[in-house]
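S.K.: With the first letter of the sequence shown counted as 1, position 183 gets the number 183 in full-length UniProt numbering; the numbers rise by one all the way through. Yeah, the Cβ is synthetic: ideal placement off N, Cα and C, and Gly gets one too. Provided herewith is a single structure, encoded as structure tokens, for subsequent inquiry.
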Amino acid sequence: MATPSTALQGSASGVAAEAPAPASVGEAWMRLLKRRGVDFLFANSGTDFPSIVEGIARSEQLGMAIPRPVVCPHENAAISMAHGHAMVSGRAQAAMVHVNVGTANALNGLINADREYVPLLLAAGRTPILEEGENGSRSLNIHWAQEMFDQAGMVRESVRWDYELRDPRQLTLATDRALAIAHSDPAGPVYLTLPREILAMEPAGTVDDEPLMLPARIAGPEQEDVRKAAELFARARSPLIITSRAGVDRQVPELLSRFAARAGAAVVEYRRRHLSLSSEDAFHGGHESAPWIGDSDLVLVIECDVPWIPGNGDTPPGAKIIQVGTDPLQARYPMRGFRSNLTIRASARHFLQAMLDEMDGAQARFEARAATARSKCAAIREKGLAAVARVPQQMTMAWASACLDRARAPDSIFVNEYPLVLSAVRTTEPGSFFGSSPAGGLGWGLPAALGAKLAAPQREVIATVGDGSYLFANPIVCQQIAAAEKIPILIVIFNNAAWGAVVRATRAMYPDGHAVRANRMPLTSLEPTPDFAMIARACGCWGEVVSDPAALPAAVDRAFAEIRSNGKCAVLDIRCES
């Protein structure tokens, strides 16, 4: 087989020397990933991993650059840590799991990454193809039982691309293609299966310094569409902008602020997943569409899959809807009925810049509606802050949110799996807030926060989770990883000892039903509540339980001191009312 290209290293004498060639495809893949910008391999290993294990050990002994391997004792942690790193860094990381069973355990996190457009590379071993005769052929009884007719069929609906490596000569092409597709608009996860015999083979082919292909980007809108959108804004009486994730591009918040002021339109961050506008912006209209939608004769939906809940209100008759995004009609959703009078496939950044150029000088024409919008936005903001101006008699999630906000560092990152009360928090900087995927696969927040910290080690990372989400995350696994890898994040559990979403849904559907009248909600209680702080301490982390609202600020300070001064992962279990 052909000898792979080699990199040059400085020798002890100062003369450049050829780096030793990788001994296997598994080792070559490790080096290739690093050269392509993949800094971490989050791995839950199995009997398909020997060539990866050996390749990592050999590369480390030779001083070869490879991704940092992170042992993840559950697959959800592996894929969610890759998700968390990519959402902060913007670069796909690699997770690798054990054949079909590992893939099945990773599927929840994969669905989250798909619906949130997160680029990542999920790799999985593949049961050995041959029963004998090759290094890596079948050697255990599980190698028969774990083979599937179509292993990738489990994930195909939730990935942008999947492939099984069939020959060592395909290694660079398959990896470069995977990463290019993962980063193409709309971004998302990809899946690569790696048979054990292939990983054990001698490498073949060459590796160029530059990847064989680059991602495909969606850029600016058609000028005619921009002109039509500007005309709709010119005729509108009360325009509204709704987004959930336009701020995934960190240039967007500044552009959105300028456009909202120019157009005289409030901005609602409905079910915010990325910070798209500073909460202190004069045109920030809060996080609920309902107070605005009934009076809006023009709605710009920009990077938002569900801009409002139809049963909770709708736009007035004759209102116009503009939908903008890299996938504005959410083509991968089987059914979605939100009207669109003007549909524009474009990045949020390019669209907003084009609209600012088209509407240059128009701001003075819209001052009356702008003043109305600013006044309503200010009232919503003041109402939210007033609710946490003093210590409540009972612990509330809003009070817990406010206490965290007051104690955190200015550049900290929130990774929020539902419970944070956004009206009680001042969030101003792009890239400082990340919310759950709309798919809602629980157990994401805690491991995603670990990945976020690895992507931004200089920043404080705060994982805010409910007790149900915390349990779903396999907390012992995640806290073991935090201790082993020395990842000092703050984990805050908003603990109401129940599945709050199920309780609320039941009350909404059956307001006069037996469950409400009897004040008994079957299938929702998480009592008895474990001592989560004790579990944290058993894993080598710091932990404390607090239920007195007056004692919470001091407890929050102690938790932050642990991650700041002692470099320990800290768990704060806040017992809240339901």
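Entirely within the stretch 196 to 260 and at least 4 residues each: give me those alpha helix (DSSP H) ranges in chain order.
M.R.: Listed in chain order, the alpha helix (DSSP H) runs fully inside the stretch 196 to 260 are 196 to 200, 223 to 235, counting runs of at least 4 residues.
S.K.: DSSP on H143, reduced to helix/strand/coil?
M.R.: Locating residue 143 in the sequence shown gives position 143, where the first residue counts as 1. H143: helix per DSSP, three-state reduction.
S.K.: Closer than 8 Å is the cut-off here; do at least three beta carbon pairs connect the stretch 196 to 216 with the stretch 333 to 347?
M.R.: no
S.K.: Tell me the residue span of the beta strand (DSSP E) that contains G325.
M.R.: Here the question's residue 325 lines up with position 325 in the sequence shown. Where G325 is concerned, the enclosing beta strand (DSSP E) stretches over 320 to 325.
S.K.: Helix, strand or coil for T372? Go by DSSP, reduced to three states.
M.R.: Your numbering for residue 372 matches position 372 in the sequence shown. In the structure shown, T372 sits in a helix (DSSP, three-state: H, G or I).
S.K.: With DSSP as the reference, identify every bridge partner of F414, one or two as the case may be.
M.R.: By 1-based counting over the sequence shown, the position of residue 414 is 414. DSSP lists F433, I462 as partners of F414.
S.K.: A95 by DSSP, collapsed to three states: which one?
M.R.: Counting from one through the sequence shown, the residue named residue 95 turns up at place 95. Correct three-state label for A95: strand.
S.K.: Excluding the 5 residues preceding and the 5 following R169 in the sequence, name in chain order all residues of the same chain whose CB lies nearer than 6 Å to its CB.
M.R.: In the sequence shown, the residue the question calls residue 169 occupies position 169. Taken in chain order, the residues that qualify are A204, G205.
S.K.: So A43 packs on A78, CB below 8 Å; how close in whole Å?
M.R.: Along the sequence shown, read from residue 1 onward, the residue named residue 43 stands at position 43. Along the sequence shown, read from residue 1 onward, the residue named residue 78 stands at position 78. Contact flag correct, Cβ pair sits at about 6 Å.
S.K.: When you compare only the Cα positions, how much space is there between T428 and G445?
M.R.: Here residue 428 refers to the residue found at position 428 when the sequence shown is read from its first residue. Here residue 445 refers to the residue found at position 445 when the sequence shown is read from its first residue. One C-alpha to the other measures close to 21 Å.
S.K.: For R196 and V25, what's the separation of their Cα atoms in angstroms?
M.R.: Numbered from its first residue, the sequence shown carries residue 196 at position 196. Numbered from its first residue, the sequence shown carries residue 25 at position 25. Between the C-alpha atoms of R196 and V25 there is a straight-line separation of about 10 Å.
S.K.: Just to confirm the assignment: which complete alpha helix (DSSP H) runs, minimum length 4, are found wholly within the stretch 23 to 70?
M.R.: Runs of the alpha helix (DSSP H) spanning 4 or more residues and lying entirely within the stretch 23 to 70 occur at 25 to 35, 50 to 62, in chain order.
S.K.: Considering Cα atoms alone, identify which of R166, A124, M87 is closest to R115.
M.R.: On the sequence shown, position 115 is the one that residue 115 refers to. Ranked by Cα distance from R115, the options R166, A124, M87 are led by M87.
S.K.: Here's the rule I'm using: 16 or more other beta-carbon atoms within 10 Å means buried, otherwise exposed. How should Y333 be labelled?
M.R.: What you label residue 333 is simply residue 333 of the sequence shown in a count that begins at 1. Exposed.
S.K.: Quick check: the Cα distance between S525 and M509, rounded to an integer number of angstroms?
M.R.: Here residue 525 refers to the residue found at position 525 when the sequence shown is read from its first residue. Here residue 509 refers to the residue found at position 509 when the sequence shown is read from its first residue. Approximately 19 Å between the Cα atoms of the pair.
S.K.: Can you grab the Cα-Cα spacing for the pair L33 / I66, in whole Å?
M.R.: Locating residue 33 in the sequence shown gives position 33, where the first residue counts as 1. Locating residue 66 in the sequence shown gives position 66, where the first residue counts as 1. L33 and I66: Cα-Cα distance of roughly 7 Å.
S.K.: Which residues in the same chain have their Cβ closer than 8 Å to the Cβ of V391, if we skip the five residues on either side of it in sequence?
M.R.: As a first step, residue 391 is located in the sequence shown; it is residue number 391 there, counting from the start. Closer than 8 Å at the Cβ level, and outside the excluded window around V391, lie W399, P549, A550.
S.K.: So if DSSP puts A189 in a beta bridge, which residue, or which two residues, is it bridged to?
M.R.: By one-based count along the sequence shown, residue 189 stands at place 189. Residue 189 is actually Pro in this sequence, not Ala. When beta bridges are read from the DSSP output, P189 appears opposite L120.
S.K.: Is G567 near K486, with beta carbons less than 8 Å apart?
M.R.: The residue labelled residue 567 in the question sits at position 567 within the sequence shown. The residue labelled residue 486 in the question sits at position 486 within the sequence shown. The answer is yes: Cβ separation under 8 Å.
S.K.: Going by other Cβ atoms of all chains shown within 10 Å of its Cβ, with 16 needed for buried, is L140 buried or exposed?
M.R.: As a working note, residue 140 is residue 140 in the sequence shown. With a 10 Å radius around the Cβ and a threshold of 16 neighbouring Cβ atoms, L140 comes out exposed.
S.K.: For L240 and A265, which I take to be in contact (beta-carbon distance under 8 Å), what is that distance rounded to the nearest angstrom?
M.R.: Numbered from 1 along the sequence shown, position 240 holds the residue referred to as residue 240. Numbered from 1 along the sequence shown, position 265 holds the residue referred to as residue 265. Yes, they are in contact, since the Cβ atoms of L240 and A265 sit about 6 Å apart, within 8 Å.
S.K.: Give me the residue from Q330, A113, S347, L165 with the minimum Cα distance to V226.
M.R.: Numbered from 1 along the sequence shown, position 226 holds the residue referred to as residue 226. Restricting attention to Q330, A113, S347, L165, the CA atom closest to the CA of V226 is found in S347.
S.K.: What do you reckon, are the CB atoms on E460 and I563 nearer than 8 Å?
M.R.: In the sequence shown, counting from the first residue as 1, residue 460 sits at position 460. In the sequence shown, counting from the first residue as 1, residue 563 sits at position 563. The answer is yes: Cβ separation under 8 Å.
S.K.: Check Y163 in the structure and name its three-state DSSP category.
M.R.: In the sequence shown, counting from the first residue as 1, residue 163 sits at position 163. Strand, per DSSP.
S.K.: Which same chain residues end up closer than 8 Å to P511 when comparing Cβ atoms and leaving out the 5 residues on each side of it in sequence?
M.R.: Position 511 of the sequence shown holds residue 511. Nothing listed; no residue qualifies.
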